[in-house]
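Residue 141 in our numbering sits at position 123 of the sequence shown, with consecutive numbering throughout.
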Amino acid sequence: MLVKIGTRGSKLAVAQALEAKQKLLDSFPNLSIEIVKIKTSGDKYANANLAEIGGKGLFIKEIEAELLENNIDMAVHSLKDVPAFFSGDLTIPCVLERLSPCDAFISHKHNSLESLPQQATIATSSIRRKVQLLNVRPDLNIISLRGNVTTRLQNQSFDGIILAEAGLIRLEKHHLITEVLPQKVMLSAVGQGRFVFNVEGMM
């Protein structure tokens with residue numbers, strides 16, 4: 019039996035889909051599984067402000083459409099990108115185990131968030147992270163940075179960057195982390211570190 023799993027095409031999304039594929043094969047070894055990469059609106063407008071163009075639902079809209087048209091059998095999403103309501107009869111039958119929910123500070127120049135000099139520049143794509151950073155360090159200059167994790171890591175035009183620790187673990191980039199931020203400093207997003215299966219109806 020062939021099962022098609024839809025996913026975004028970023029390295030992190032594909033890593034999650036491959037992990038999901040292995041989970042399925044562990045339970046159903048006779049399955050044949052194909053990973054289908056789907057470009058979403060969130061990927062197409064990589065330089066736009068998410069809050070202004072539709073929010074994180076833009077990362078799953080096209081994948082939902084492929085599910086509803088039966089071009090794929092299931093999708094894999096980061097739970098933090100999943101909206102409160104799905105289109106049509108789409109459901110979440112399974113939530114995979116959680117990796118770290120924490121955010122991580124990465125810097126090629128400094129040893130910790132606390133050690134950053136006055137007016138240092140920090141890059142993040144998240145309003146949640148920006149607000150919490152300014153709560154503990156109101157002097158910081160926060161700039162917006164979108165794009166996939168690999169692209170963000172390659173950009174060294176700032177003093178530091180904030181990324182999800184779980185994503186770095188899945189991409190085998192955990193060694194790049196300068197400091198894992200405690201929850202009292204940076205409260206994580208709901209669902210951060212988990213990914214889910216998405217299907218039409220119940221499996």
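Just so it is clear, CB atoms sit at the ideal spot from N, CA and C, and this is done for glycine as well.
Worksheet item: If you follow the beta strand (DSSP E) that Val208 is part of, which residue opens it and which one closes it?
Response: Segment: none, Val208 is in no beta strand (DSSP E) and carries neither H nor E.
Worksheet entry | Start and end residues, alpha helix (DSSP H) containing Glu190 | In the DSSP assignment, Glu190 falls outside any alpha helix (DSSP H) and carries neither an H nor an E.
Worksheet entry | Cα-Cα separation between Pro119 and Ala38, rounded to whole angstroms | Rounded to the nearest angstrom, the two C-alpha atoms are 19 Å apart.
Worksheet item: Hey, is the segment 103-112 in contact with the segment 180-195, meaning 3+ C-beta pairs nearer than 8 Å?
Response: These segments do not touch.
Worksheet item: Apart from the five residues on each side of it in sequence, which residues of its chain come closer than 8 Å, Cβ to Cβ, to Thr58?
Response: Result list for Thr58: Arg26, Leu76, Phe77, Ile78, Lys79, Glu80, Ile81, in chain order.
Item to complete: Taking 8 Å as the threshold, find out whether the segment 206-216 comes into contact with the segment 85-100 through three or more Cβ pairs.
Response: When Cβ pairs closer than 8 Å are counted between the two stretches, the segment 206-216 is seen to touch the segment 85-100, the count reaching three or more.
Fill in: Pairwise C-alpha distance: Asn88 and Thr169
Between Thr169 and Asn88, the alpha-carbon positions lie close to 32 Å from each other.
Worksheet item: If we call anything under 8 Å between Cβ atoms a contact, is Ala122 one with Leu181?
Response: Yes, the Cβ-Cβ distance between Ala122 and Leu181 is below 8 Å.
Worksheet item: From what residue to what residue does the beta strand (DSSP E) around Glu52 run?
Response: Note, Glu52: beta strand (DSSP E), 50-55.
Practice prompt. Let me know if Leu85 comes out buried or exposed under the rule of 16 or more other beta-carbons within 10 Å of its beta-carbon.
Written response: Looking at its Cβ environment, which holds 16 or more other Cβ atoms inside 10 Å, Leu85 is buried.
Worksheet item: Near Ser50, which residues of its chain fall below 6 Å by C-beta distance, leaving aside the five closest residues on each side in sequence?
Response: Excluding sequence neighbours, Ser50 sits near Leu20.
Worksheet entry | Assigned secondary structure, Ile71 (DSSP; H/G/I helix, E/B strand, else coil) | Confidence is the limiting factor: at Ile71 the pLDDT is only 48, short of 50, which leaves the residue's position unreliable, though a coordinate-based value still follows. Ile71 falls in the helix class under three-state DSSP.
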